[in-house]
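Numbering (our numbering), first residue to last: 1 to 222.
Let me begin by presenting the structure, written as structure tokens, before commenting on it.
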């Protein structure tokens, strides 16, 4: 990191921290993420113990299941690393993603609770050593409606201002969707519903919390 980049980094974060509204969003959002993550193991252990309905999925029925956990892991955390790098320079990206993640997590908790589904036929257990920390290192197969892997990638699309990054996110999301189907981790409807939910959540937050959170400029306007 050269000296100019270091100065820009410090100035951006200092400006964000000095802005009361931005600082509040950052602190509250970070606390909410911590609370959500701490409650996930208990929630997912609960849903694994309840009965669910197994859907007949026309698409999955025609796709042989294979273990592609490694590729899913690389895409998910590779894109996560890219978003983190961008957020280090532009704190508005962090603020926006944190709140979208909270909204996605809470709506998923609601939809998973209201729509009890059984694991798809021929599911191959997904191995992710990082995400496993938040799942209590248990095998989770019923966190289905809607797809968390897909929705977190779609959220990155709405948080990254660069067109090149967004194009990469689109490619990564399509690849992720295909891999999830190959592994039979999600039903097709889970994956198709994810972009719709994230789009609606982003629109709601854009008109409320995000009204002063500009990801297209690195200098914070308070």
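For each residue, glycine too, the CB sits at the ideal point set by N, CA and C.
Computed from a prediction, not measured in an experiment: that's the story for all the values here.
The stretch 84–119 contains, as complete alpha helix (DSSP H) runs of 4+ residues, the segments 91–114 (chain order). Selection 139, 31, 95 evaluated against residue 202 yields 95 as nearest (Cα-Cα). When the five nearest sequence neighbours on each side are left out, the beta carbons in the same chain lying within less than 7 Å of the beta carbon of residue 43 are those of 109, in order along the chain.
Note: residue 139 is not bridge-paired with any residue in the DSSP secondary-structure output.
Of the residues assessed, residue 179 falls on the buried side of the cut-off, its CB having 16 or more other CB atoms within 10 angstroms. In the three-state reduction of the DSSP assignment, residue 53 falls in the strand class, which pools E and B. Per DSSP, the continuous alpha helix (DSSP H) segment holding residue 151 begins and ends at 148–159. The residue from 17, 152, 207, 71 with its alpha-carbon nearest to that of residue 196 is 152.
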